[in-house]
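Residue numbers (the numbering used here): 525 to 1020.
Taking it in order: structure first as structure tokens, then the write-up.
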Amino acid sequence: MCALESKVIEDIKKALEKNDTDSAALITQKYLGDINNISLNIAVTGESGVGKSTFVNAFRGIDNRDEGAAPTGVVETTMKPEPYPHPIHPNVTLWDLPGVGTTKFPADQYLEYVEFEKFDFFIIVSADRLSENDAKLAKEIKNMGKKFYFVRSKIDNNLSDAKRSQREYDEEKTLQEIRDNCIQGLEKQGVASPQVFLVSSFDLQLHDFPALQKTMERELPSHKINDLICNDLPLHIAVTGESGTGKSTFLNAFLEIDNKDERAAPTGVTETTKKPEPYPHPRHPNVTLWDLPGIGTTKFPADQYLKYVEFEKFDFFILVSAVRFTENDAKLAQEIKTMGKNLYFVRSKIDQNLNAAQRSQREYDEEKTLQEIRENCIQGLEKQGVASPQVFLVSSFQRHLYDFRALQETMERELPSDKRNALIPKDIPVNIAITGRSGTGKSTFVNAFRGIDNKDEGAAPTGVKETTMKPEPYPHPRHRNFTLWDLPGIGTTKFP
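Right under this line is the structure:
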């Protein structure tokens, strides 16, 4: 844990020991508020001549000829990493890097020369098909556990060429072919669901330039959070479920190693996991995946399982099932919900399910079968009170099919918030007021947010006239230290 976090947590503990919850909440609020003051360094990289400097200028909303613009030209003009301030976020800096693969910056020395590791986020700019150097950059960024956008520049030139050379020119089809080529090339490098933007730095209103700007505006806070939360803050993810569901095989697939690899979790036709076993995440060394023994065996009966595996010490859960939603799955999901923690539900061995369906169904429809399996899982979890469950259908032997990549992408995206949840002490009370005019549906909103019906026991009273006569507290369904307060409506005779 970094020095800043250690001090923050120590200060929070001291405040709580004195029963000074207001100070503890303020310390936490200030810490999370510091996100706005974090410096974030974004590297704009790619081969020489692809238009990196022109892109930097366009993104900053200035002309190549303006004072303060990044130099551009027909020869390489960027001789060292040059910083340029973001147009809206003064604490965000765009760095124009020299082109990779020139005589001055050969690919095999490039990463070391530009100090690649000091940047927080990357924009790879390419003017043609995905090149070998683009692939190397993407792979290195992936290995560092960092994120990037892939920008295909000079799209106006590509479309002009296509228009001259194609007998039946179709702009949308041409753009889609360019996009697909980029995505497929990046996926071959192991990049799950890459974000690709097609732009022209001289026609900013066309193609994906506005989408790129909006995406950066939307995602900058999460990149800052990644930077705020130290890379050594530990997060423990439990992979659990019944014996024989393929938990260990799934874990190996997620770690991108073969079952026969010496680092792999043991697998077999009988239960091989006798106690919780830790395995490091492939890209986040501070994240540990734990392979838990199967629930419901003679050695680990369901009624003693939670105590035996010390369920409460884990921050996050992946619940693996190979068949229909079972009673043990329900117990685990209910316990995880009760602890106020998050889970993904993974339906494994989907390839086997589809093979069985294909043999038994007269009119086999793969999409329909997958949807039926997904709905069965979702309905089972919702019956246990799990609101909007995240369900992923996977085959551990065919990772390119079904939801495996979506699961990896979701975990990559949500890990920062799970780290943040692990950091904030669970005994700091947070009070959230729901207010507004009478008749606007405040109480109905409170119930919907808690995942309960207006007619359920414990629901906030609702009606055609004002039913809330004083502030009423309702506990958050997953975060016990959070309370939603349903306030009386403003502007009535009782509450002018």
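Every residue, glycine too, gets a C-beta built ideally from N, C-alpha and C.
Buried or exposed by the 16-neighbour rule on C-beta atoms within 10 Å, applied to residue i
| i | result |
| --- | --- |
| E639 | exposed |
| F629 | buried |
| I1014 | exposed |
| G570 | buried |
| K1018 | exposed |
| K735 | Per the sequence shown, residue 735 should be read as Ala rather than Lys. It counts as exposed. |
| S684 | exposed |
| A880 | exposed |
| D889 | exposed |
| K666 | buried |
| K994 | exposed |
| P622 | buried |
| N615 | exposed |
| D732 | buried |
Whether residue i touches residue j by CB criterion (8 Å)
| i | j | result |
| --- | --- | --- |
| F1006 | I956 | yes |
| L779 | D815 | no |
| F646 | A594 | no |
| Q713 | F674 | no |
| P802 | T791 | no |
| D620 | V649 | no |
| T617 | Y608 | yes |
| K1043 | G909 | Given a span of 525 to 1020 for the chain in the structure shown, any question on residue 1043 remains unanswerable. |
| V715 | A777 | no |
| D1010 | A983 | no |
| S919 | I874 | yes |
| K678 | A659 | no |
| E766 | N852 | yes |
| G625 | N657 | yes |
CA-to-CA distance, residue j to residue i, given in whole angstroms
| i | j | result |
| --- | --- | --- |
| E701 | K576 | 23 Å |
| G1023 | I781 | The first residue shown for the chain is 525 and the last is 1020, placing residue 1023 beyond what the model contains. |
| Q633 | P605 | 15 Å |
| T578 | G592 | 13 Å |
| R653 | V574 | 11 Å |
| T934 | R691 | 42 Å |
| L830 | I761 | 15 Å |
| E641 | R688 | 43 Å |
| N783 | A631 | 34 Å |
| P825 | T850 | 14 Å |
| P1012 | E891 | 48 Å |
| E786 | T822 | 29 Å |
| Y926 | D704 | 19 Å |
| E695 | Q729 | 16 Å |
| R871 | P804 | 22 Å |
| Q895 | A857 | 21 Å |
| N588 | D644 | 26 Å |
In DSSP terms, what residue i is bridged to
| i | result |
| --- | --- |
| P999 | T1007 |
| N866 | F840 |
| Q914 | Y868 |
| Y832 | In DSSP, Y832 forms no bridge with anything. |
| R676 | S650 and L722 |
| F645 | I566 and K671 |
| V811 | L759 |
| G765 | V844 |
| L730 | Paired residues: none, contrary to the question. |
| N955 | T1007 |
Below-8 Å beta-carbon distance, residue i vs any chain D residue
| i | result |
| --- | --- |
| T959 | The structure shown contains no chain D; it is built from a single protein chain. |
Any non-hydrogen atom of the ligand FMN within 7 Å of residue i CB
| i | result |
| --- | --- |
| F643 | Annotation note on the ligand FMN: not contained in the displayed structure, which lists no ligands. |
Between the stretch 830-841 and the stretch 862-877, are three or more C-beta pairs nearer than 8 Å? yes
Three CB pairs or more closer than 8 Å across the stretch 886-903 and the stretch 965-982: no
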